[in-house]
Every structure is written in structure tokens, then in C-alpha cells.
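Reviewing the structure listed below.
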DNA sequence: CCAATTCATGAGTATATCTCATGAATATAT
DNA sequence: ATATATTCATGAGATATACTCATGAATTGG
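Protein chains in written order, with our numbering: chain A, -11 to 286; chain B, -11 to 286.
In C-alpha cells:
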């Protein structure tokens, strides 16, 4: 069977002119090459070289093989380079899954430096999962999951990347705007605006309203953070969002954040990965970078 | 070093799904494959597969390698096919050199059946040689030499392919047209038309005129056989050509052939090849075919 | 929960490959 | 012309590689 080593031999002999020099360039003895050639020619049933004086000249069959060598050898080398980069974790595709709507703003701040620090790693962000974020991790649809719920499972690894407080966002002229904190009862006459996810996954219900058995007067769902805040600024409702996000928007919009409950709602964002990917350099690179960005936004 | 066998493995595993089936398809034991994979992954420094349940799934590095395999393996196979054809002598390029101008007509009759009998062999005909026909053979400019002069040399092999008589061609109304044979003296008032080669290589000089110390009144050189005969038919001169060729043209032109000297000039055409090419099937095929065509033209 | 199937592993063997020490043929220099 | 250096070829022995066999551990489907 024709092997890469055979292609290397024919290319080396062509490049160096003599068998002896080709041998040294391949870190082999001249004898080894001679034997290898003899064997190959015997297998193929046709000579690849003919002796001309004390040098060798390619036969037609040899020319064909040289053609193949010149075509294939660079491809072997290229892929070897690529695999070396994979081995060092320098190259790959990082598919990020999001289970935390407002985190998108934060994510962008991580992705920008990541892309320049890992120029050979492609990044993709996905937000919809058929079987939830963890399912997407296990089914290799994504490589890293941004989530506030670290559902510990064997095979997964969670890294906390930042803490924040979830606050109520209201119009700056709203009666609740100046308060130190709001109580569940304060919202029974309000219109609540949230991302379109199940209520069990909204902290304002699970950690604030539901324990007090309160519900808002109305509940609207809006996908885009920006629009959501436009609505709040227009006095059309209230929302629950990370404090840092609200503070950012507050510079250009008439909105304010108010603590929910006396203790406030403390949240934490985790990056989940498959344990088997733990050694991937660009993955740990991403997580490390995410930690740095946290302190920046604080 | 990445080898073809590695590409074969990754392709087989991809095609069959399991390592076990891939092993049998490669005529190897499952253990052999497992060892080979382990070693390769260790060399590369990166896993190519990850276990998923009891099956294997490709990593990103593995995907890259599979891509390479799907690209390169068919090329290996194609060239192997080609080399097999070379080995059987079914494929090649036959470069024919001509040292015999009128033989071109005859050669065409050989080439036509040859092309259909050896569909994978390309044919090329060359007529000009820097260092003569034999030099062209030795320098691999041509593979077969059509010549009337078999200059025996070690390393060359000559095969006679046909005998013919070189005759004088005259206009049918010429005074010499009806004669049994002409003598050198008959040509001293004639215009001789020949191919543009040195006189020593023209038989009409070396074997007919020169021994009798005769020269024609005039000597013109014309390259194309057809034009040469047009001139003869128009009574503008006489020429020396193979008898069979003259007889062919005589059917449509007013020309006749006349023997030169009482014995005539007997000629023989040889096909010369390099001894090292003796085993090339398509070469012996050509020579054999040339012999058959001879009897056809006789 | 058992039987079947998967891949992994260690040890021993077979095979292929390489090196060393030559030889024969050819080219180059004296 | 003859010596000398260089080429590729070859045989034998050493070394490294690859393969098989027997078995184990993990997973899956009935």
C-alpha cells in the first residue's frame, strides 16, 4: 500500500537529486532508502527510477507518483499543523449557550477581548435549546453554558464568574423609585415586563413574589432588553434585571433600580463546561477572561 | 508522523461506526486498531475521539483529520490504479521519432489501430532531433525510433518491421517510365527532388548515383511527400521513394515507379527502442502491430 | 439484571525496518 | 590512464514496530 513515507521518499529524491542526500534529509541511512525503494517497486510491480549513470531518473510511473507527492504532502503538513494547534488548545470553535437573557450584554464584553486573544478560535452564541442548556452541553451543541442555575451533574464543571444583585427597574418618576427597597405587595398594581421564559425560571417570582403569594396586575413578555427598558422608562411597567445593567442604562434613560426585599436578590452567573473539555486551553482562557471582565463591570 | 494508514483508520471508523467493524473492514483485529489509535493520539497530543457511551465520537481535531482522509484517500487510490496500469504496461506515453520521411504515411496506418487497441496510451510523433534519432532515444526524448539505419549499439534494440524497394518516381509520360530499370547515367539530365536531409543519408546517392560518380542536373528539396509527387506528376523532376508509396499515389496521379539498377535498391525499416523498455507491453504491442500492417501494405 | 457488545490493555510473537559493512559501477581528478 | 571519490545495491544482524490473543471494564438493550 502506498504510504505517505513513500511520497516523502520520492519527493526527497527529486529535491536532492541523489539517493544519498535524500536519505540524510530524511534522517535515514542510504541503505534504508535503497531497501525501501526496492521493496516499494516490487510491490507496485513497476520501477519508479532507472539508473542513468550513477544517478536516478524517474520513469513515467515515478513521475505520476511525484505528482501525487507534490499534491498530497503539503496537505498532510497543513493538517498536522492544525492538529498541533488543537493539541495546544489554540484552535477550535467555541459555541456558547445562554440561559440568562441579560447576560448577553455582559457576554459581548468578554467575547471582544477573547477574539483578539485567541485569533484562531471561532465563537458562536446560541440561545435556544431543545433540551435545555445542560442537554445542549451533553449533546455537544454547545461547549460552554452561561447560566445562573449550576445544576451539578457528574461530567459537568461550573465556574462562577460574577455576582450581582437582581433589582427592580422602574421609571425614575415612579413612586417606588426613591425607596430603599420594595416589598412584594408593592407590585400587585404594577405591570411586570420580563423575558419570554417560564415563570419558574424568573427570580422575581421564585424568590420574591411567589413566597409572598403576590402576583403583578399584568405580565408582558418582551425579548429585547433595550425595548424592555424603553417601556419601563415610558412608565408602561416594571422589570427585574441585574443591577449593573440597570446602572448602565440609567445614564441615558430615566430609569432607576430598587432592591427587592430587605436583603435583595443575590445572583451568581456560572460558566458550565463538560469535564472532558477541562484541558482545552481556549476554554479555560475564556473562563479566565470572563473573571477579569467581572471586576471591570463592578 | 501522520500516515495514510491513519487516514484509513479514521475513515473506516467513520464509515462503519464502531471500532470493531472498522477493524474487520481493514482486515485487522480490534485490538490492533485500538493500539494504533492510542499511539496516534499520543503522538498528536490530542484525542481524536471521545467515548460516548460505548461508541466513539470525533473531536474537533478528529473532524479535521476525517476531512483530510476524505480528501486524500481517493487520490491515493487513483494513483495506485494508475501505477498498476503502468505495471501492466497498459498506460504510458509513446513518443515516436521518425528518421524516414516517407514512413509517415505508413506510420499513420499503425497508429490508428494502436490508439484503439491501447486506449490509455498517448502517442506523439517527433521528426526533428538535436543529436540524431539515437541521441533522442538515449536522452528519453522519444521512446521508439523509426529508421532505415539500425546503428547497433548496446542498450538499443532494433526490430525490422518491413522491407520495401526504393524506386525512382517519374511522370507516367516520361521516357524512363516504361523501362524495366534505370541506370545512374539516365539521371544526369534530370532534376532530382528529395526531402531536405544530408545527401549521405539519401539512398539514391549512396547506393546508386555516387558509386557511378553521377549527379543529377539539379537537386531540389521539398518537405511534403504530396507536393513532391505533384511536382513529379507535373514533369518538373524525379524522386526516389518506397515502391509501395508510389503505387498508392499512382492510382490518382500520373506517376510511375522504376527500379534503380538491375537489382533495385532494397530497404528495410526498423523500430529501435531502449533495451530497458523491452518489457513495456504497449511498446511490444506497437512493434507487433507494425508487423501486421506491413503484410497489409505488401 | 443478565447477555451481548462496546472499547481498553498487557504480554508475547511476528514482521517490518533500520544500520552496518561491504560491493559494483560510474564519474572526476591527477 | 589510473587512482580516488561518489553513486546505488545488497546481505546479515539488530532494533523497533505492529499485530494477535486473551482478558477486563463499561455500557446497553431485552
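Just so you know, even glycine gets a beta-carbon here, dropped at the ideal spot from N, CA and C.
**Request:** Report buried or exposed for residue 100/B, applying the criterion of at least 16 other Cβ atoms within 10 angstroms of its Cβ.
**Result:** exposed
**Message:** Can you confirm whether residue 274/A, when its beta carbon is compared against all beta carbons of chain B, has any partner nearer than 8 Å?
**Reply:** no
**Asked** Do residue 227/A and residue 241/A come within 8 Å of each other at the CB atom, strictly closer than that value?
**Response** no
**Asked** Rounded to a whole number of angstroms, what is the C-alpha to C-alpha distance between residue 194/A and residue 45/B?
**Response** Distance between the alpha carbons of residue 194/A and residue 45/B is about 39 Å.
**Request:** Please compile the residues from chain A whose C-beta is within a distance smaller than 7 Å of the C-beta of residue 64/B.
**Result:** -10
**Prompt:** In terms of residue numbering, what span does the alpha helix (DSSP H) encompassing residue 74/A cover?
**Reply:** 48 to 75
**Prompt:** Would residue 33/B count as contacting chain A if we go by Cβ distances under 8 Å?
**Reply:** yes
**Prompt:** Who are the Cβ neighbours of residue 190/A in its own chain at under 6 Å, not counting the five residues just before and after it?
**Reply:** 182
**Prompt:** When the Cα of residue 112/B is compared with those of 25/B, 0/B, 92/B, 118/B, which residue comes out closest?
**Reply:** 92/B
**Prompt:** Does the distance from the CB of residue 156/B to the CB of residue 245/B come in under 8 Å?
**Reply:** Yes. Within cutoff.
**Minimum Cβ-Cβ distance from residue 81/B to chain A less than 8 Å** = yes
**Request:** Could you spell out the range, first to last residue, of the beta strand (DSSP E) harbouring residue 135/A?
**Result:** 132 to 135
**Prompt:** Taking the C-alpha atoms as reference points, what is the distance between residue 247/B and residue 42/A?
**Reply:** 51 Å
**Message:** So with CB distances below 9 Å, who are the chain A contacts of residue 75/B?
**Reply:** What residue 75/B touches in chain A: 32, 33, 34, 49.
**Prompt:** What are the residues that DSSP puts in a beta bridge with residue 201/B?
**Reply:** Beta-bridge pairing links residue 201/B to no other residue.
**Asked** DSSP state of residue 235/B, grouped into three classes?
**Response** helix
**Request:** Measure the C-alpha to C-alpha separation of residue 230/A and residue 36/B and round it to an integer number of angstroms.
**Result:** 41 Å
**Prompt:** Thinking just about the alpha-carbon of each residue, which of 224/B, 223/B, 243/B, -7/B is nearest to the one in residue 232/B?
**Reply:** 243/B
**Prompt:** Is there at least one Cβ from chain A nearer than 8 Å to residue 211/B's Cβ?
**Reply:** no
**Message:** Quick test of the definition: if touching needs 3 or more C-beta pairs under 8 Å, does the segment 58 to 78 of chain A touch the segment 4 to 12 of chain A?
**Reply:** Too few Cβ pairs lie closer than 8 Å, so no.
**Asked** Between the Cα of residue 125/A and the Cα atoms of 146/A, 109/A, 213/A, 107/A, which residue gives the shortest distance?
**Response** 146/A
**Prompt:** Can you name the start and end residues of the alpha helix (DSSP H) that residue 37/B belongs to?
**Reply:** Counting along the chain, residue 37/B falls outside any alpha helix (DSSP H), though it belongs to the beta strand (DSSP E) covering 37 to 40.
**Asked** How is the beta strand (DSSP E) around residue 19/A delimited, first residue to last?
**Response** Membership of residue 19/A in any beta strand (DSSP E) is not indicated; the residue belongs instead to the alpha helix (DSSP H) covering 18 to 32.
**Asked** What span of residues does the beta strand (DSSP E) with residue 207/A cover, start to end?
**Response** 206 to 209
**Message:** Tell me the residue span of the beta strand (DSSP E) that contains residue 151/B.
**Reply:** 144 to 159 is the extent of the beta strand (DSSP E) around residue 151/B.
**Message:** Closer than 8 Å is the cut-off here; do at least three beta carbon pairs connect the segment 133 to 143 of chain A with the segment 248 to 262 of chain A?
**Reply:** In this structure the segment 133 to 143 of chain A lies against the segment 248 to 262 of chain A, because at least three pairs of beta carbons, one per stretch, are closer than 8 Å.
**Message:** Helix, strand or coil for residue 101/A? Go by DSSP, reduced to three states.
**Reply:** helix
**Message:** Which residue marks the beginning of the beta strand (DSSP E) containing residue 246/A, and which one marks its end?
**Reply:** Note, residue 246/A: beta strand (DSSP E), 243 to 248.
**Message:** Please classify residue 105/B as buried or exposed, where buried requires at least 16 neighbouring CB atoms within 10 angstroms.
**Reply:** By the neighbour-count rule (16 or more Cβ atoms within 10 Å), residue 105/B is not buried but exposed.
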